[in-house]
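J.:
Residue numbers (the working numbering): 24 to 276.
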């Protein structure tokens, strides 16, 4: 009696991950030369968070695939420090709406991505594509004179910009036990092509545990940085540094 034929390997593979990122935030917003510096801890971000959405997805045919990462958030007015400008000092509030959208081609080395696997097995995935950055920052400031009269000025400014960066990255994972794996990823974008200063970066490392044969719970520490400045005499720009915990649920198809 002939042996039953083996089931054919799937031609297409896909993943979807829904995640939340709760970092410490340090940022500087510059509008026509006026700077506002903001520092927020995770509790302060939660208090001001008005909307957020974050998700990743990938689709692969054999080893060649496409990946996407979408993250958008809106943070309400946060108290900021205004840098000294001549005879003026002051304070300010910054309201931000930010989005980062990655699309890239990827090539997988090693095993197929999965929630469970043999200890020591894993995969390495380099990728290249583009990152679209969308930023809107509203600054409301009160400037006070340092002289004897203490002149007070009110001003409101907005920095709004959307631009595209080239993106290069690498991600990988290795199984420590059949259900526990370690993973890491890093990427760089910008390379100074869209302004006097134009750079972005991600660094992430963590562990994932299979809570089903096709589902992972991922916990990691992540750094995300962004720099942009137009280099003008009265410059526009901003910097953003985020460090914190990311928690995600990843599904394999």
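Just so it is clear, CB atoms sit at the ideal spot from N, CA and C, and this is done for glycine as well. In this text, all values refer to a predicted model and were calculated from it rather than measured experimentally.
Using the Cα positions of residue 100 and residue 117, report the straight-line distance between them to the nearest angstrom.
T.: 5 Å
J.: Got a sec? Which residues, its chain only, sit under 7 Å from residue 139 by beta carbon, not counting five neighbours each side?
T.: Listed in chain order, the non-local C-beta contacts of residue 139 below 7 Å within the same chain comprise 201, 202, 233, 236, local neighbours out to five positions each way being set aside.
J.: Can you list, in chain order, the residues of its chain with a C-beta nearer than 7 Å to that of residue 184? Leave out the 5 residues immediately preceding and following it.
T.: When the five nearest sequence neighbours on each side are left out, the beta carbons in the same chain lying within less than 7 Å of the beta carbon of residue 184 are those of 158, in order along the chain.
J.: Would you list the residues sitting across from residue 50 in a DSSP beta bridge?
T.: 61, 263
J.: Counting along the chain, where does the beta strand (DSSP E) carrying residue 249 start and finish?
T.: 238 to 252
J.: Candidates 115, 125, 240: which alpha carbon is nearest residue 213's?
T.: 125
J.: How long is the line joining the alpha carbons of residue 121 and residue 255, rounded to whole angstroms?
T.: Approximately 23 Å between the Cα atoms of the pair.
J.: Can you tell me whether DSSP reads residue 275 as helix, strand or coil?
T.: strand
J.: Count the other C-beta atoms from every protein chain shown that fall within 10 angstroms of the C-beta of residue 48, then say buried if there are 16 or more, exposed otherwise.
T.: Under a 10 Å Cβ-count criterion, residue 48 is classified as buried, with 16 or more other Cβ atoms of the shown protein chains found around its own Cβ.
J.: Name the residue from 154, 38, 197 whose alpha carbon lies nearest to the alpha carbon of residue 141.
T.: 197
J.: Helix or strand or just coil, what does DSSP make of residue 71?
T.: helix
J.: By a C-beta neighbour count over all protein chains shown, 10 Å radius and 16 as the cutoff for buried, is residue 35 buried or exposed?
T.: With fewer than 16 Cβ atoms within 10 Å of its Cβ, residue 35 is classed as exposed.
J.: Which word fits residue 206, buried or exposed, when buried means at least 16 other C-beta atoms lie within 10 angstroms of its C-beta?
T.: buried
J.: Expressed to the nearest angstrom, what Euclidean distance is found between the alpha-carbon atoms of residue 64 and residue 223?
T.: 21 Å
J.: Taking only the alpha-carbon atoms, compute the straight-line gap between residue 75 and residue 262 and give it to the nearest angstrom.
T.: If you take the alpha carbons of residue 75 and residue 262, they lie about 20 Å apart.
J.: CA-CA distance, residue 104 and residue 70?
T.: 19 Å
J.: Taking Cβ positions, are residue 270 and residue 225 nearer each other than 9 Å?
T.: Going by C-beta atoms, residue 270 is not nearer than 9 Å to residue 225.
J.: Leaving out five residues before and five after residue 42 in sequence, what residues of the same chain have Cβ atoms less than 6 Å from its Cβ?
T.: 77, 269, 271
J.: Given a threshold of 16 other Cβ atoms within 10 Å of its Cβ, counted over all protein chains shown, does residue 215 qualify as buried or as exposed?
T.: exposed
J.: For the beta strand (DSSP E) that residue 55 lies in, which residues bound it at each end?
T.: No beta strand (DSSP E) holds residue 55; DSSP gives it neither H nor E.
J.: Residue 174 to residue 164, Cα distance in whole Å?
T.: Unreliable placement is indicated for residue 174, whose pLDDT of 48 sits below 50; the coordinate value is still reported in the next sentence. Whole-angstrom Cα-Cα distance: 14 Å.
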